[in-house]
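A quick write-up on the structure given underneath.
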Amino acid sequence: MALRSPIYLDTETLLAQAEYHEIEVSRQADIVEKTVRKRSGGGKAGISGLTMNASVGTDVEYQSTYKLEPKEKATASKVIDSLIADGAVTVNPDDNTALSKDDLIEIEGITRITAASLAGKMFFVFRRLMDDADVDLETISDLNVEALPVAEQLKQVYLRNELLPIPLLLELTGSTLPQKVYVNVRPDHFIDEASANRVEGELRVLGNVERLIPEGDEGYISAEEWLLYDWEHIMRRKLMPQIGDIVEDVMVNQLELDLPAEDVHAFIAGPAIIVNAIALY
141 MALRSPIYLD TETLLAQAEY HEIEVSRQAD IVEKTVRKRS GGGKAGISGL TMNASVGTDV
201 EYQSTYKLEP KEKATASKVI DSLIADGAVT VNPDDNTALS KDDLIEIEGI TRITAASLAG
261 KMFFVFRRLM DDADVDLETI SDLNVEALPV AEQLKQVYLR NELLPIPLLL ELTGSTLPQK
321 VYVNVRPDHF IDEASANRVE GELRVLGNVE RLIPEGDEGY ISAEEWLLYD WEHIMRRKLM
381 PQIGDIVEDV MVNQLELDLP AEDVHAFIAG PAIIVNAIAL Y
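Heads up, the final residue of the sequence shown is numbered 421 in the numbering used here, and it's a clean run with no missing numbers.
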């Protein structure tokens with residue numbers, strides 16, 4: 141098979157799968173982490189009459205990336221080939237394939253970032269602002285983006301290509317599966333560069349099945365994992381009922397972002413499958 145050039149590789153999980161399936165790995169991957177990039181700034185941010193120090197909130201931290209040397213790239217590609225050859229990976233499953241949780245699959249299609257992940261960027265900014273101030277959670281729904289000195293941070297988040305250190309939810313279309321396919325891309329496993337333009341387009345995904353969502357009245361799950369990553373449980377419970385209104389007010393009305401109605405907002409509806417990405421190439 142041809143040498144793969146992954147843009148994203150969770151090496152630890154890939155090698156764990158190789159160990160589990162008794163695939164011999166001739167050389168452990170030598171991973172060199174790059175320094176995390178940050179933007180810095182300062183000022184005061186006012187929310188509903190309250191003021192908070194935004195000096196920490198305006199430091200935008202992006203995902204760390206790492207370098208994969210040619211030998212390590214070849215090793216990863218050989219491990220994937222061996223997993224497929226041993227029947228551990230189902231390649232391009234279709235409507236006749238009986239899938240179960242944790243199954244390894246390789247699937248191909250066109251990927252794009254979902255609305256839930258676009259909104260997740262905004263809530264990542266809000267949470268970091270709240271880290272430095274005693275702000276009532278309810279005031280988030282009253283944000284006036286243009287009145288905030290932190291508006292520059294929001295511009296960085298939405299106008300730059302860099303990905304934030306939060307999970308990314310992609311939708312993959314054009315696959316051989318009949319149901320919708322979503323890909324959960326965990327942070328800090330991108331190779332060389334973590335940017336939005338690298339994860340949208342024609343890709344193959346190697347990963348394990350995380351969720352199988354049936355159709356029907358109970359065929360849905362909350363998208364809070366991508367909307368409110370790293371938020372405390374009680375705060376999630378308070379915010380989720382008003383997520384739709386906040387997204388509509390801030391992202392659609394104030395930031396003027398186009399979020400298709402049929403996209404993932406607060407929930408993922410079935411029939412659908414969620415795959416945890418191990419490699420993207």
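Positions of the beta carbon are idealized from the N, C-alpha and C atoms, including for glycine.
Bear in mind the structure is a predicted one, so any value in this text is a computation, not a measurement.
The continuous stretches of alpha helix (DSSP H) do not include Thr237, and DSSP gives it neither H nor E. The criterion of a C-beta distance shorter than 8 Å is not satisfied by Arg326 and Ile220. In this structure, Ile361 keeps its C-beta atom at 8 Å or more from the C-beta atom of Leu312.
Around Arg351, the same chain offers Ile414 as residues with beta carbons nearer than 6 Å, after the five sequence neighbours per side are excluded. With contact defined as three or more Cβ pairs closer than 8 Å, the region 234-242 and the region 145-156 are not in contact.
Each residue's CA atom was taken as its position, placing Asn348 and Thr230 some 10 Å apart.
A Cβ-Cβ distance of about 15 Å is found for the pair Ser257 and Leu294, leaving them out of contact under the 8 Å criterion. Secondary structure at Glu152: helix, using DSSP grouped into helix, strand and coil.
Here Ile306 is not near Thr205, since their CB atoms are 8 Å or more apart. With respect to the 8 Å criterion, Leu397 and Phe263 are not classified as neighbours on the basis of their beta carbons. Taking Ala216 as the centre and dropping the five residues before and after it, the same chain places the C-beta of Arg144, Pro146, Leu149, Thr151, Leu154, Ala169, Leu208, Ala419 closer than 8 Å to its C-beta, in chain order. DSSP places Val339 within a helical segment (H, G or I) once states are collapsed to three.
Taking all protein chains in view, the Cβ of Ser240 is surrounded by fewer than 16 other Cβ atoms within 10 Å, so the residue is classified as exposed.
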